Structures are given as C-alpha cells and as structure tokens.
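**Student:** Quick one: the structure is below, questions incoming.
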Amino acid sequence: MMPRPLIYQVEGDCRSKSASVGGMNCPQLLSSMDIEHRSKILDSLWRERQERKYNDIVDILNRSDGNWNQTMHTMLLKFIGGFDNGGAAMRLAERVPYAIIMRERSSKMAIEALLLGASGLLSLYDSNDEYIAHLAQEYIHLSAKYGIEAMDYREWRTSNVRTHNHPTLRLAQLAACYMDSDITMNSVTECRHLADIYKLFSGRASEQWLRHFIPYTIMEETSATFGKMKCELLGINFVAQMIYAYGRHTHSEALCTQAYNLLLSIPAEKNRYTEEWNATSKIASSAIDSQALIQLSREYCHAKRCHVCPLGMNTDSR
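For the sequence shown, the positions run 1 to 318 when our numbering is used.
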C-alpha cells in the first residue's frame, strides 16, 4: 500500500498535467529505473493486458460453441477490420464462418466472392466491370448454396480511412491468404518467429484490387500482400493473442511462454502511447514493452487511477 503522501503527490501531478501519460513526470521516472525493476513492472502490465484479451477471446469461443478455428477466424477478421471496421468484420465472420471458407478455399475467386459479397461491399463497384460481374455471379451462387444474407455496405466505414486499410483491399488480401496458406488454429500456434507469420500471411491479392479497391477510382498501385508492419501487428494483436489464449485455456505453460517469446522478438509498436513514454529515452524496445505501456496509459493514466498505478506503487516499494 502506498503511503498517503505519495498517493496525493501522484494524483495531484497526474490531474494537473496535460499530457495523457500521467503524472509525477512518469516517463522520466520509468526510464530512470534499473532494467530489472522496469522489466518487472512492464511484464506485470503485459500480463494484466493479456488477461483482459484472454477473456475477450473466451467470450468469442463460447459464442462459437467451443470451436477454436471459428474463434480464430473471428479474431483474424476483427484484426483485419481494425479500429474503424473491427465490429463489422466480426459480423462478417458470423455470416461467412470458417467452415465455409475452408470448403471453398481452392478458389481465390470464391473466397473473394464470399467475403466481399456477404460484406455488402461488392455492391459499391461497377457491375459492368467484367471482374466485378464475375464475382457477383459467384456470390449469387454461393449465397444460395450456403444461405448467406449480405450485410448492408453502410455497416462499413469506407471514407476517411487510410488507403491501405480500406476494407475491400484488406478482405481481398485475406482471401488470398486463406487460399495460399493453411490458416488453422494449429498453424497459428506453430508460429514462433516473425518469419513464420510472414509465411503464413504471404498471400497476394488479385490484380483487380491493387488499383481499383476504391469504387469508380483508379488508384496508384498498392501492395498485393500485407506489408512488414502489418505482419508485425498481426503477430502482436492476433497470433500471439491466440497462442496465449489457447495455452491459457488448455493449461499449457509452454504455449503461454511461446506467446511471450514471440512478442519479445517483435519490435515495439510506434503509436501515440509509446511516443509519449519514449519522449525522454527509449523505454519500449519490444512488443511486450509497448503492450505494457498501452495498458498503463489506458487503464491507469487516462482513467486517473494513479492511486493504484503499478509504477507509483513499485517505485515506493523499491
């Protein structure tokens, strides 16, 4: 328990400081700690964040009748959707479940038709285009075969999103990965290094989408594959999460350790949270560190929970 004077000091500084990273000049405080003490705090924060993510995955697992492949499929689509379209992508995973994708995975055209047709996004494109017309016909056939009802395209955010994160492009890239790689819960848990993730998600989207993913617009050609940074984020926010959750659920300490070591091998994310903490000196070097700092910022600094902040409490007990 922190002595009362220190609690007041931390709370007072935190609430008067405009920066969102918290008070007591926290970035300088954290960077001044010896590596062992700082690592202990960051590891604790990472495990705290992992526990919340584990609970989220278990919720999806329960809704998926205990099917880990469907859970993996839902989490993968959530990641592909990102901040803007994660919710819509999860709903798409329910309409086009993993089992259907696997039945049709021998054809990239079929998987594209399923994902783009069921998402409702296909309706945004020029039906006079030969490729689009072919996809539309394929979707009509597959939707009748599996009883799929398309979403409303308005469920997706397509404007004011980063060009390379346009949902059509991301779904086309994912369709290629599903066809080119054996994406299963087992193959995900076999990932131990970034190279494994690059290989698993190396599928190349159809040429159609490299310049035409924005409706009625010809773009400068974009990448057919997930880029290096996207694969790193896949490792952090999807692969490692699934490995850890599966290990935690099956009581496999080896898999939980594997998830930790994978994150330790991936460079720290560069975002507004890590930038704030790294302003004084580089604190985050691995994804373990950056995930811990996100947890610290969101759950303690932004929530004004300075009185239970592990940084202040550990500093006092040092």
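Ideal Cβ placement from N, Cα and C applies to all residues, glycine included. Computed from a predicted structure; not experimentally measured.
#1: Report the three-state DSSP secondary structure of Ser187 (helix, strand or coil).
#2: In chain order, what residues of the same chain have a beta carbon less than 8 angstroms from the beta carbon of Met75, not counting five sequence neighbours either side?
#3: With DSSP as the reference, label Pro267 as helix, strand or coil.
#4: DSSP three-state call for Ser286: helix, strand or coil?
#5: Between the alpha carbons of Asp289 and Ile100, how many angstroms are there, rounded?
#6: What would DSSP say about Leu311, mapped onto helix, strand or coil?
#7: State the Cα-Cα distance for the pair Ala279 and Phe226, rounded to the nearest angstrom.
#8: Roughly how many whole angstroms lie between the Cα atoms of Ala110 and Asp182?
#9: When the distance is taken between beta carbons, is Cys231 closer than 9 angstroms to Tyr244?
#10: Under the rule that 16 or more other beta-carbon atoms within 10 Å means buried, what is Met151, buried or exposed?
#11: Which of the three DSSP states is assigned to Asn85 in this structure?
#12: So, helix, strand or coil for Trp156, using DSSP?
#13: Consult DSSP for Arg192 and reduce its assignment to one of helix, strand or coil.
#14: Any idea what DSSP makes of Val161, helix, strand or coil?
#15: Is the stretch 150-168 close to the stretch 201-221, with three or more CB pairs under 8 angstroms?
#16: Suppose the cutoff is 6 angstroms on Cβ atoms and the five residues either side in sequence are ignored; what does the same chain contact list for Ala19 look like?
**Tutor:** In short, the structure shows the following:
#1: Working through the sequence shown from its first residue, we reach residue 187 at position 187. Looking at Ser187 - three-state DSSP - the assignment turns out to be helix.
#2: Translated into the one-based positions of the sequence shown, residue 75 becomes position 75. The residues are Ile57, Ile60, Phe238, Gln241 and Met242.
#3: Numbered from its first residue, the sequence shown carries residue 267 at position 267. Strand.
#4: Working through the sequence shown from its first residue, we reach residue 286 at position 286. Three-state DSSP puts Ser286 in a strand.
#5: Your numbering for residue 289 matches position 289 in the sequence shown. Your numbering for residue 100 matches position 100 in the sequence shown. Approximately 38 angstroms between the Cα atoms of the pair.
#6: Against the sequence shown, residue 311 aligns to sequence position 311. Leu311 falls in the helix class under three-state DSSP.
#7: Position 279 of the sequence shown, counted from the start, is the residue given in the question as residue 279. Position 226 of the sequence shown, counted from the start, is the residue given in the question as residue 226. Ala279 and Phe226: Cα-Cα distance of roughly 29 angstroms.
#8: Residue 110 sits at position 110 when you count from the first residue of the sequence shown. Residue 182 sits at position 182 when you count from the first residue of the sequence shown. Going by the C-alpha atoms only, they are around 16 angstroms apart.
#9: Numbered from its first residue, the sequence shown carries residue 244 at position 244. Numbered from its first residue, the sequence shown carries residue 231 at position 231. Not in contact: Tyr244 and Cys231 (Cβ atoms no closer than 9 angstroms).
#10: As a working note, residue 151 is residue 151 in the sequence shown. When all chains shown are included, Met151 counts as buried.
#11: To locate residue 85, count along the sequence shown from 1; it is residue 85. Helix.
#12: Numbered from 1 along the sequence shown, position 156 holds the residue referred to as residue 156. Correct three-state label for Trp156: coil.
#13: Position 192 of the sequence shown, counted from the first residue, corresponds to residue 192. Here Arg192 sits in coil by DSSP.
#14: Within the sequence shown, residue 161 is the residue found at index 161, counting from 1. Of the three classes helix, strand and coil, the one that applies to Val161 here is coil, per DSSP.
#15: Yes, since at least three Cβ pairs between the stretch 150-168 and the stretch 201-221 fall closer than 8 angstroms, the two stretches touch.
#16: The sequence position of residue 19 within the sequence shown is 19, counting from 1. Any reading at Ala19 needs caution, since the residue's pLDDT is 36, under 50, leaving its predicted position unreliable; the model's value is listed next. Taken in chain order, the list of residues that qualify is empty.
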